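In our numbering, the protein residues as written are 1 to 183.
For glycine and all other residues, C-beta sits at the position ideal for the given N, C-alpha and C.
Nothing here was measured: the structure is a model prediction, and the numbers come from that model.
Structure, as structure tokens:
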Amino acid sequence: MNPVDIINNYYKPGSLSHDILMVHSEAVARKAAKIAEGLDDPAIDRDFIYDAAKLHDIGIFYTDAPGIGCFGNYPYMCHGYLGRNLLEELGMEKHALVAERHVGAGLTKKEIIEKDLPLPARDMLPLTIEEIIICVADKFFSKNPDMKKEFSLSDVMAKIETYGRESMVRFESWLKILGDVHE
């Protein structure tokens with residue numbers, strides 16, 4: 001199934017949420033494709049990366065985020081696991097895992113419990129190279145009015161640092177695997 005068709009099935013084309021999701025997801029997909037291109041590994045599924053990156057935020061409409069046109073009942077941080085549920089219902093299990101695991105720098109069950117996050121108590125960590133690439137690419141873009149602007153690596157690192165030491169260590173380990181990820 002085409003990612004744009006899936007998005008159009010859940011978001012009204014021309015609506016604020018649709019426009020933001022499309023712009024953000026395209027930016028993340030392009031960045032993820034560029035990161036994958038820089039890796040010399042023929043086993044990386046580049047087509048999957050592009051499609052999964054387009055769908056990684058499919059669950060935002062379930063959340064209460066009026067600034068991006070979403071008027072659901074859940075806190076924004078729930079969009080990952082809610083997107084997973086939606087994509088699993090469509091039979092897209094691998095894409096579903098990307099949706100769940102891209103939030104923050106991934107989340108451990110321990111972090112979810114200790115921080116009392118409104119999420120299912122389970123590990124939500126990117127495991128495959130494709131999941132890691134998309135998670136990293138996502139951190140370079142926001143959904144604010146200047147969403148086409150790519151953040152610098154130092155800005156991304158500063159944001160990751162706010163998530164805690166465990167997240168920073170995890171993110172830095174991914175950067176060692178991925179190499180040069182900034183413009």
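What number of angstroms, rounded off, separates the C-alpha of M157 from the C-alpha of M168?
Along the sequence shown, read from residue 1 onward, the residue named residue 157 stands at position 157. Along the sequence shown, read from residue 1 onward, the residue named residue 168 stands at position 168. Put simply, the backbone Cα of M157 is about 8 angstroms away from that of M168.
Just reading off the alpha helix (DSSP H) that K31 is part of, what are its end residues?
As a first step, residue 31 must be located in the sequence shown, where it is residue number 31. Where K31 is concerned, the enclosing alpha helix (DSSP H) stretches over L16 to E37.
My output table needs one value for M92: the three-state DSSP class, helix, strand or coil.
The residue given as residue 92 occupies position 92 in the sequence shown. It is coil, neither helix nor strand.
Output the distance between the C-alpha atoms of A99 and I58, rounded to the nearest integer angstrom.
Mapped onto the sequence shown, residue 99 falls at position 99. Mapped onto the sequence shown, residue 58 falls at position 58. Between A99 and I58, the C-alpha separation is close to 7 angstroms.
CB of D57 to nearest heavy atom of the ligand MN: below 7 angstroms?
With respect to the ligand MN, the structure offers nothing, as it holds no ligand at all.
Mapping the DSSP letters down to three states, classify T162 as helix, strand or coil.
To locate residue 162, count along the sequence shown from 1; it is residue 162. Helix.
Distance check for G91 and F151, CA to CA, integer angstroms please.
To locate residue 151, count along the sequence shown from 1; it is residue 151. To locate residue 91, count along the sequence shown from 1; it is residue 91. Roughly 33 angstroms separates the two Cα atoms.
Does the pairing of the stretch 47-57 with the stretch 67-76 give three or more beta-carbon distances under 8 angstroms?
no
Measure the beta-carbon distance from K184 to I68 and round it to whole angstroms, keeping in mind my assumption that it falls under 8 angstroms.
Since the first residue shown for the chain is 1 and the last is 183, residue 184 is missing from the structure and cannot be characterised.
If you pair each beta-carbon of the stretch 128-144 with each one of the stretch 35-47, do three or more pairs fall below 8 angstroms?
yes
Pick out whichever of M1, G179, Y50 and W174 has its Cα sitting closest to the Cα of A27.
The residue you call residue 27 lines up with position 27 of the sequence shown. Selected option, being the one with the closest Cα: Y50.
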